[in-house]
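Colleague: Just so you know, we're using the working numbering here: the sequence shown kicks off at 20 and counts up by one.
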Amino acid sequence: MKTIGVLTSGGDAPGMNAAIRAVVRSANYHGIEVYGIKRGFRGLLEKNYEVLDSRSVSDILQKGGTFLKTARCPEFNTPEGVIKARDIINDLGLDALVVIGGDGSIRGGAELAKQGIKVIALPGSIDNDMGYTDYTIGFDTAITTVMHAVSNLRDTSSSHGRVFVVQVMGRECGDIALHAGIICGAEEVIVPEVPFDLKELSANMKRSMARGKDHYIILLAEGAADPFEFTEELKELSGLNTRLNIIGYLQRGGSPSSFDRMLATRMGVYAIDLLMEGVENVAVGIKGNDIVHEELYKAVEVRDSLDRDLYEIAKILAV
Ligand code: ADP
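#1: With a cut-off of 8 angstroms, do at least 3 Cβ pairs link the stretch 201-218 to the stretch 233-252?
#2: The ligand ADP heavy atoms versus the CB of Phe60: any closer than 6 angstroms?
#3: Quick check: is the beta carbon of Asp106 nearer than 7 angstroms to any beta carbon in chain B?
#4: Roughly how many angstroms separate the alpha carbons of Arg181 and Leu259, rounded to a whole number?
#5: In three-state DSSP terms, what is Tyr151?
#6: Using 8 angstroms as the cut-off, can you tell me whether the stretch 146-156 makes contact with the stretch 76-94, which would need three or more C-beta pairs spanning the two stretches below that distance?
#7: If we ignore side chains and look at the alpha-carbon of each, how far apart do Thr261 and Lys133 end up?
#8: Which of helix, strand or coil does DSSP assign to Val53?
#9: Sort Met35, Pro33, Gly55 and His49 by Cα distance to Val25 and report the nearest one.
#10: If you run the structure through DSSP and keep just helix, strand and coil, what is Glu248?
#11: Please look up how many angstroms separate the CB atoms of Ala115 and Ile266, rounded, as I've assumed it's under 8 angstroms.
#12: Rounded to whole angstroms, what is the Cα-Cα separation between Glu94 and Gly59?
#13: Nearest to Gly112 by alpha carbon, out of Ser277, Leu315, Lys232 and Ile23?
#14: Taking only three categories from DSSP, how would you classify Thr163?
#15: State the Cα-Cα distance for the pair Ser28 and Ile119, rounded to the nearest angstrom.
#16: Pull up the distance between the alpha-carbon of Ala104 and that of Leu329, whole angstroms please.
#17: Go to Arg262, then tell me how far its alpha helix (DSSP H) extends in each direction, as first and last residue.
#18: Does the beta-carbon of Arg271, which I'm using as the reference point, lie nearer than 6 angstroms to any heavy atom of the ligand ADP?
#19: Which value, in whole angstroms, describes the spacing of the CA atoms of Val338 and Asp326?
#20: Examine the Cβ distances between the stretch 123-141 and the stretch 303-315 and report whether three or more of them are shorter than 8 angstroms.
#21: Report all residues from its chain with a CB closer than 7 angstroms to the CB of Ile236; omit the five preceding and five following residues, and keep chain order.
#22: Confirm, please, whether the CB-CB distance from Glu252 to Leu220 is below 7 angstroms.
#23: Excluding five sequence neighbours on each side, which residues of the same chain lie with their C-beta closer than 8 angstroms to the C-beta of Lys232?
#24: For Glu248, does the count of other Cβ atoms within 10 angstroms reach 16, so buried, or fall short, so exposed?
#25: When you compare only the Cα positions, how much space is there between Thr284 and Tyr268?
#26: Is Met295 buried or exposed, if buried means 16 or more other CB atoms sit within 10 Å of its CB?
#27: I want to check one thing, is the minimum distance from the CB of Gly30 to the heavy atoms of the ligand ADP below 6 angstroms?
#28: Taking the beta carbon of Lys66 as the centre, do at least 16 other beta carbons fall within 10 Å, making it buried, or is it exposed?
#29: Under 6 angstroms: does the beta carbon of Asn260 sit that close to some heavy atom of the ligand ADP?
#30: Tell me, which residues are paired with Gln186 by DSSP?
#31: Please report the Cβ distance between Val43 and Val76, rounded to the nearest whole angstrom; I am assuming they are in contact, meaning their Cβ atoms lie under 8 angstroms.
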């Protein structure tokens, strides 16, 4: 193992920089040269890269986003694109590629692995939508951002006796809504994995307000319902003053939390350890407090990994 590439792809996530830093410094420690590929698979197809050393990754640990930049690349997502990328990796003399990104990016990595490229993937996504790992890099920071936003909203919800629907990210996964719902003490959590009934919801809202609750926060995962229709229908059914807040891209940025910095760092170092041991074509994850790895093709299997026990806890505590 003499030279490797590292790239970030898909949606940016806080902690990606910490992961790049760990990959570069750990690789250099083992005498491996690192090519930082810009803008994900797009940059790979354009041979857009720079050699990274310890100094290149100074002062990025604490920064959100990704200093290597990221992109979505439809051209790569074709059989011809993958072959072209394979040929470029071979031309550049890269012995392996570290892909940091969401499930789409890890799928891309799996396609390259099928073409004989050695790939190690790190889960960089705020969505926590990969079932093989308990946490993805960026999730903890995102739910902390949601927590602060909802704390502010709660002040107004209480002062005015308003119902706030707060839409959060997560694509088809309800983890951001569920975890943020628990740490914010939301009255309701609506996730794509569990069906909901608007009539029941509005009855709950009316009952709670009648019992003296002066605030009502509903955390709505983006994959669960259209936020505008959801809010409008609830407002009509309940007759309560119901307002929608879409937190949006605020959730994607920001300085990574201590948890994400630690997770990204451990995963980055582990990725290089795996390559040193001759392990390839795996995705790095965390189970409990152990950093683990899973075969790439298994890691990208779509799985509903919502923690049903946690969902029940959210319901029990919301009364
Ligand atoms: P994320 O990695 O955040 O889930 P995307 O799903 O948009 O984001 O994927 C990022 C990029 O990964 C895509 O633009 C594409 O280049 C590549 N990719 C996604 N899915 C595949 C696939 N099935 N095969 C090859 N490449 C893929």
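Don't be surprised by glycine CBs; every beta carbon is placed ideally from N, CA and C.
Modeller: Looking at the coordinates:
#1: Under the Cβ criterion (8 angstroms, minimum of three pairs), the stretch 201-218 counts as touching the stretch 233-252.
#2: At least one heavy atom of the ligand ADP is nearer than 6 angstroms to the Cβ of Phe60, so yes.
#3: Any reference to chain B falls outside this structure, which holds one protein chain only.
#4: The straight-line gap from Cα to Cα measures roughly 7 angstroms.
#5: The three-state reading of DSSP puts Tyr151 in coil, since its state is none of H, G, I, E or B.
#6: With a cut-off of 8 angstroms, the stretch 76-94 and the stretch 146-156 do not count as touching, because too few Cβ pairs lie within range.
#7: Those two C-alpha atoms are separated by around 51 angstroms.
#8: Residue state, collapsed to three classes: strand.
#9: When only C-alpha atoms are compared, the closest one is Gly55.
#10: The DSSP-derived three-state label of Glu248 is helix.
#11: In this structure Ala115 does not touch Ile266 by the C-beta definition: roughly 37 angstroms separates them, more than the 8 angstroms allowed.
#12: Per the coordinates, the alpha-carbon of Glu94 lies some 12 angstroms from the alpha-carbon of Gly59.
#13: When each option's Cα is compared against that of Gly112, the closest is Ile23.
#14: For Thr163, the three-state secondary structure derived from DSSP is helix.
#15: Going by the C-alpha atoms only, they are around 6 angstroms apart.
#16: Their Cα atoms are separated by approximately 41 angstroms.
#17: Taken as a continuous stretch (DSSP letters only), Arg262 belongs to no alpha helix (DSSP H), being part of the beta strand (DSSP E) at Thr261 to Ile265.
#18: Not one heavy atom of the ligand ADP falls within 6 angstroms of the beta-carbon of Arg271.
#19: Per the coordinates, the alpha-carbon of Val338 lies some 20 angstroms from the alpha-carbon of Asp326.
#20: Yes: at least three Cβ pairs fall under 8 angstroms.
#21: The residues are Val169, Leu172, Arg173, Ser176, Phe183, Val185, Cys203, Ala205 and Glu206.
#22: No; because the gap between Cβ atoms is not below 7 angstroms, this pair is not in contact.
#23: Same-chain partners within the cutoff: Glu206.
#24: So Glu248 ends up on the exposed side.
#25: Take the alpha-carbon of Thr284 and the one of Tyr268: they are about 24 angstroms apart.
#26: Classification for Met295: exposed.
#27: Within 6 angstroms of the C-beta of Gly30 there is at least one heavy atom belonging to the ligand ADP.
#28: With a 10 Å radius around the Cβ and a threshold of 16 neighbouring Cβ atoms, Lys66 comes out exposed.
#29: No; taking the cut-off as 6 angstroms, the Cβ of Asn260 has no heavy atom of the ligand ADP nearer than that.
#30: Per DSSP, the beta bridge partners of Gln186 are Leu239 and Ile265.
#31: Between Val43 and Val76 a beta carbon distance of about 5 angstroms is seen, short of the 8 angstroms cut, so the two are scored as contacting.
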